[in-house]
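Chains as they are written, first to last, in my numbering: chain A, 12 to 73; chain B, 32 to 184.
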Amino acid sequence: MVKVMGVHETLEVHELLTFKNLCLTKSTAMSGLAQDQELKDILSQTVTNDKQAIQELQGFLS
Amino acid sequence: MNQQNMTGMTDQVIATDCLLSAKTGIKSYAVALAESATPEVREALKRQLNTAIDTHEQISNYMISKGYYHPDSIQEQLTVDLQATNTALNLSNQQQQQSNQQQQNTPSQGIPVQTMEFASETDVQEVRRQNQQSAQNSQQSAQNNQQPNQSQQ
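Laid out in structure tokens, this is it:
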């Protein structure tokens, strides 16, 4: 996939992957610290979304 | 609640961090979309941008319902945020005081204490240098004072 992508595209996708990795790590850590159930639910929803996004982006770069 | 107060990671802090991440994510996806050329990449980024927008809606609605976020009143928002500012400043001040106390209680152990000694050593050198300079200055001014006297004599 990397071969058919332009360099500018690869750079942007790479940057998004780094950002999403950080988001996933933070959301996972924070869902353990949060007290409110509603906030916990939002965080675990974020974790699911982030995982999916990361796997998709990973597919473009490998 | 105790654990949250000790670490400072209250629900408000967690929610605010989540909101900021959602905002940054939307911007980053928009920027990346403007650079996309491959159809598959564009489609994936579009879908993920929409997810990011939904997440932003969720977390901002949550924060509005909890009174952390007041998009329609800058005055109320300022009150909340200035309170958060004080909390953050107090937390870091408390931690600095605690670490200072720990260093005083356990001397000659660990790297932080060595750093302290190093800092105080440089402080001593600095003070010496300043003393020398002020001594030289006073000598010079004394000479300056003497010179006109000599010329008068």
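We treat Cβ as the ideally placed atom computed from N, Cα and C, and that holds for glycine.
Let me confirm a value: residue i is counted as buried when at least 16 other C-beta atoms fall within 10 Å, else exposed. Which label applies?
i	result
Glu74 (chain B)	exposed
Lys31 (chain A)	buried
Asp85 (chain B)	exposed
Met12 (chain A)	exposed
Ala46 (chain B)	buried
With DSSP run on the structure shown, which of helix, strand or coil describes residue i?
i	result
Ser67 (chain B)	coil
Gly56 (chain B)	helix
Ser104 (chain B)	coil
Met41 (chain A)	helix
Tyr99 (chain B)	coil
Gln145 (chain B)	In this prediction, Gln145 (chain B) has a pLDDT of 47, which is less than 50 and means its spatial position is unreliable; nothing more can be read from the coordinates.
Thr41 (chain B)	coil
Met12 (chain A)	coil
Could you check the C-alpha separation between residue i and residue j for me, to the nearest Å?
i	j	result
Tyr60 (chain B)	Leu27 (chain A)	7 Å
Ala45 (chain A)	Val15 (chain A)	43 Å
Thr110 (chain B)	Gly98 (chain B)	11 Å
Leu33 (chain A)	Thr41 (chain B)	20 Å
Ser73 (chain A)	Gln66 (chain A)	10 Å
Ile53 (chain A)	Gln128 (chain B)	36 Å
Leu50 (chain A)	Leu113 (chain B)	23 Å
Met41 (chain A)	Asp48 (chain B)	10 Å
Gly43 (chain A)	Val44 (chain B)	14 Å
Ser91 (chain B)	Tyr100 (chain B)	7 Å
Thr55 (chain B)	Asn136 (chain B)	44 Å
Asp103 (chain B)	His25 (chain A)	36 Å
Could you give the first and the last residue of the continuous alpha helix (DSSP H) run that contains residue i?
i	result
Val58 (chain A)	Gln48 to Leu72
Gln16 (chain A)	Reading the sequence as shown, one finds Met at residue 16 (chain A) and not Gln. Where Met16 (chain A) is concerned, there is no enclosing alpha helix (DSSP H), given that its DSSP letter is neither H nor E.
Given the structure, does residue i come close to the ligand NAP, in the sense that its CB is under 6 Å from one of the ligand's heavy atoms?
i	result
Gly17 (chain A)	Among the components of this structure there are no ligands whatsoever, and the ligand NAP is therefore not found.
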